[in-house]
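Position 263 (the sequence shown) corresponds to 263 in UniProt numbering; numbering is contiguous.
Heads up, the beta-carbon is just placed ideally off N, CA and C, and yes, glycines get one too.
None of these values were measured; they are calculated from a predicted model.
Have a look at the structure below before the remarks.
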Amino acid sequence: MSTIKKTLPRPKQQKCEICQRNFSLLLLQHQCKRCQRAVCCDCGKFKAIIVDYDLKTQHRCCIICRDEQLYVQDIIVKEQLSFNKNSLITKQWLRYCHENTREQDLTEQYYKILDQSKKNLSISKFEELKYIPTILTQLQNQYNYSMKEFDYYLTKDLMDNMAVIYISSIIQCLLYQNPNLKCTQNLVQMTYFLLYFHSQPLVFYFINCFREEISLGRFLDQNEKIKDVEIDFLLEIGKTNYLIEPTDLLYFRKYLERYAEKMLSNIFINFMNVQCLIFIYDHVLKFRDYFELEKMVALLGSLYLNDFKQKGLDEDFFINQIIKNTKQSILKEYLSKEDRIRLNDKRQTYSKSEDLFLLQIQQRMDHQNETKQILYLLDDCLLKQQPLNNHHRQLISQLNQKQQQIITDLLKIHQSKPKEQEESALYNKNQTHSNSSTQIKFEKSELGDQNKALIDDFI
């Protein structure tokens, strides 16, 4: 990349976009050449090489961009990033996907598929691959300042067209394995982004993970549009966010209709800075849950809804607001808060297959708990004949109405048994007494007859 020195517009601003102090004769307005923020001399005190502006001379850089530049340089060294090579991030993502998966096995499998695809891929699919250079050029031209800088440091030593060759090989394997797949812009963009961190075989593997496990398949495969039911679902998520007033839900829905598909289909590439993108990919692969992306779409809408209300049709302005002001700490705090309540607070607004599965498990557990309570009550109150106490009454109150009625009837029957037993014993006693009296009378009568016979004999 050669020296560019673009002429950047400098619109007049009332305040510094970082510290919010008003500009005046004593506090002049300057411009960060990287993000084009209007800054004061304190917030724009750094000098740095600005990729896509001037690679030879240092220019004014704001404190936020300076931190981002240091982050990019640090993560390249720390994670050993190199284009089309496996990094330390590769090993971490592999642990998220499958513990027993080995890089060597994936590499052998990939090159075997690549060799087969060269011989057997249809002519129409080869024709699709010819559009990749044009698509890649368009994507690079659309990159925000953060992505341009990241891309420059990782691809500056590549020979011409090598990136296109790597991308074409990966997508060729995907098209061969999945005949219904199309070579879309989203697919090219994700493939190119993943090559910053992984080699071709691992990129091929992770794209299949995204397609199969994280519900991105239809966006990547067919470039489908987002459905109304998905907009409704995202709107329901927004309703639970305290930052969105009920009166603003109409604006929130318009925001979703305009931006949700773009955000979800390419996992926020070009909507956020590099550190946020790495965090998002890492987080989604860690939990293997597409809902994490949907939560982030709702979060961004709640954070920048006022900007959307003011200039919603100005896409450059709105996306720049997201790029400039969304920090990794904001996403991390929001998602970690959601993670803490993940096991205790079930979403009541929408039924997904995962929710139904979890609901069935919960119902099964509830049924088991009810059965245990009933068995405990029967054992304690009926078999062991313990008196009914407050704990027993509390357990009974937790059962449903029918179960409560059954337990109550059983207890009544059990309580009535001693009375019946007493009455039965009394009856048996009286019966025995009556029988003994009859026997005595019978014996006396028999004795009288014997005596009478003796007397008669005697006479």
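request  = Put isoleucine 18 into one of helix, strand or coil per three-state DSSP.
outcome  = DSSP, reduced to helix, strand and coil, places isoleucine 18 outside both helices and strands of the structure shown, so it counts as coil.
key: Backbone CA spacing between asparagine 270 and leucine 395 [nearest angstrom]   = The straight-line gap from Cα to Cα measures roughly 56 Å.
query = Cβ of serine 336 within 9 Å of Cβ of glycine 238?
reply = No, the Cβ-Cβ distance between serine 336 and glycine 238 is not below 9 Å.
message = Closest to threonine 184 by C-alpha separation, out of Glu212, Lys118, Leu136 and Gln140, would be which residue?
response = The shortest C-alpha separation from threonine 184 is found at Leu136.
ask   = Which one of Cys41, Asp67, Val274 and Gln36 has the shortest CA to CA distance from tyrosine 53?
value = If we check each option's Cα against that of tyrosine 53, Gln36 comes out closest.
request  = Can you give me the Cβ contacts of lysine 324 inside the same chain, cut-off strictly under 8 Å, excluding the 5 residues immediately before and after it?
outcome  = Sequence-distant partners of lysine 324 (beyond 5 residues in either direction) whose C-beta falls short of 8 Å from its own C-beta, in its chain, are Glu17, Cys35, Arg37 and Ile64.
ask   = What is the DSSP secondary structure of lysine 324, reduced to helix, strand or coil?
value = In the structure shown, the three-state DSSP call for lysine 324 is helix.
message = Assuming contact is defined by CB atoms lying nearer than 9 Å, are asparagine 187 and leucine 202 in contact in what I supplied?
response = Sequence check: residue 187 is leucine here, not asparagine. Between leucine 187 and leucine 202, the gap from beta carbon to beta carbon reaches 9 Å or more.
key: Alpha-carbon spacing of phenylalanine 210 relative to lysine 286, whole angstroms   = Distance between the alpha carbons of phenylalanine 210 and lysine 286 is about 12 Å.
message = One question on the structure: do leucine 121 and tyrosine 166 come within less than 9 Å of each other, judged by their Cβ atoms?
response = For leucine 121 and tyrosine 166, no; Cβs fall outside 9 Å.
key: Straight-line gap, cysteine 40 to leucine 25 (C-alpha atoms, nearest Å)   = CA-CA distance, cysteine 40 to leucine 25, rounds to 11 Å.
request  = Please check the pair isoleucine 280 and tyrosine 304, which I expect to be a contact at CB under 8 Å, by giving their CB distance rounded to whole angstroms.
outcome  = Going by Cβ atoms, the distance from isoleucine 280 to tyrosine 304 rounds to 17 Å, so no, they are not a contact pair.
inquiry  = Assuming the contact rule is C-beta atoms closer than 8 Å, glutamine 200 and isoleucine 170 should be a hit. Round their C-beta distance to whole Å, please.
reply    = About 5 Å separates the two Cβ atoms, so the contact holds.
ask   = Hey, how far is the Cα of tryptophan 93 from the Cα of isoleucine 406?
value = Cα to Cα, the separation comes out at about 54 Å.
key: First and last residue of the uninterrupted alpha helix (DSSP H) at leucine 194   = In the DSSP assignment, leucine 194 falls within the alpha helix (DSSP H) that extends over 185-194.
query = Just curious, the alpha helix (DSSP H) that phenylalanine 46 is in, first and last residue?
reply = That residue, phenylalanine 46, is in no alpha helix (DSSP H); its beta strand (DSSP E) goes 46-50.
ask   = On the premise that tyrosine 251 lies in contact with phenylalanine 308, defined as a C-beta separation below 8 Å, what is that separation, rounded to the nearest angstrom?
value = Right, the Cβ-Cβ distance comes to about 6 Å (below 8 Å), so this counts as a contact.
ask   = Hey, quick one: how far does the beta strand (DSSP E) through cysteine 61 stretch, first residue to last?
value = From DSSP, the beta strand (DSSP E) with cysteine 61 extends over 54-61.
ask   = How would you label threonine 326, buried or exposed, when you count the other beta carbons within 10 angstroms and need 16 or more for buried?
value = Threonine 326 comes out buried.
task = Leaving out five residues on either side along the sequence, give the residues of the same chain with a beta carbon under 7 Å from the beta carbon of glutamate 292.
result = Around glutamate 292: His283, Val284 and Leu335.
ask   = Would you call the CB atoms of tyrosine 205 and threonine 101 closer than 9 Å?
value = Going by C-beta atoms, tyrosine 205 is nearer than 9 Å to threonine 101.
request  = Run the CB neighbour count on glutamine 73, radius 10 Å, all protein chains shown included, and call it buried at 16 or more, exposed below.
outcome  = By the 10 Å Cβ count, glutamine 73 comes out exposed.
key: Separation of glutamate 103 from glutamine 403, as counted between CA atoms   = Here the alpha carbons of glutamate 103 and glutamine 403 stand approximately 57 Å from one another.
ask   = With which residues is glutamine 31 paired in a DSSP beta bridge?
value = Answer is Ala38.
request  = Identify which residue in Leu158, Ile319 and Cys43 has its Cα closest to the Cα of residue 466.
outcome  = Nothing in the structure corresponds to residue 466, since the chain is present only between 1 and 459.
query = Considering only C-alpha positions, which residue in the set Thr107, Lys148 and Ser87 is nearest to isoleucine 49?
reply = The candidate whose alpha carbon is nearest that of isoleucine 49 is Lys148.
key: Endpoints, alpha helix (DSSP H) assigned at cysteine 97   = First-last of the alpha helix (DSSP H) with cysteine 97: 88-97.
Whole-number beta carbon distance between serine 146 and glutamate 68, since they are thought to touch under 8 Å = Right, their Cβ atoms sit about 6 Å apart.
ask   = Quick one: what does DSSP say arginine 342 is sitting in, helix, strand or coil?
value = With a pLDDT of 47 at arginine 342, under the threshold of 50, the predicted position of this residue should be treated as unreliable, and no value is reported.
key: From Val274, Gln142, Ile231 and Pro179, residue whose alpha carbon lies closest to that of glutamate 315   = Of the candidates Val274, Gln142, Ile231 and Pro179, the one whose C-alpha sits nearest the C-alpha of glutamate 315 is Gln142.
ask   = Can you tell me whether cysteine 62 is buried or exposed, with buried defined as 16 or more other CB within 10 angstroms of its CB?
value = By the 10 Å Cβ count, cysteine 62 comes out buried.
key: Helix, strand or coil at phenylalanine 252 according to DSSP, with G and I counted as helix   = Correct three-state label for phenylalanine 252: helix.
Top-ranked residue by Cα proximity to tyrosine 192, from Asn161, Leu399, Gln177 and Lys119 = Closest by alpha carbon: Asn161.
key: Nonlocal neighbours in the same chain, by C-beta distance under 8 Å from lysine 262, ignoring five residues either side   = So the qualifying residues of the chain are Phe271.
ask   = Which residue's Cα is closest to the Cα of glutamate 257: Gln275, Asn208 and Leu313?
value = It is Leu313.
Same chain, Cβ closer than 6 Å to aspartate 345, five either side skipped, listed in chain order = In this prediction, aspartate 345 scores a pLDDT of 45, lower than 50, which makes its location untrustworthy; no coordinate-derived value is stated.
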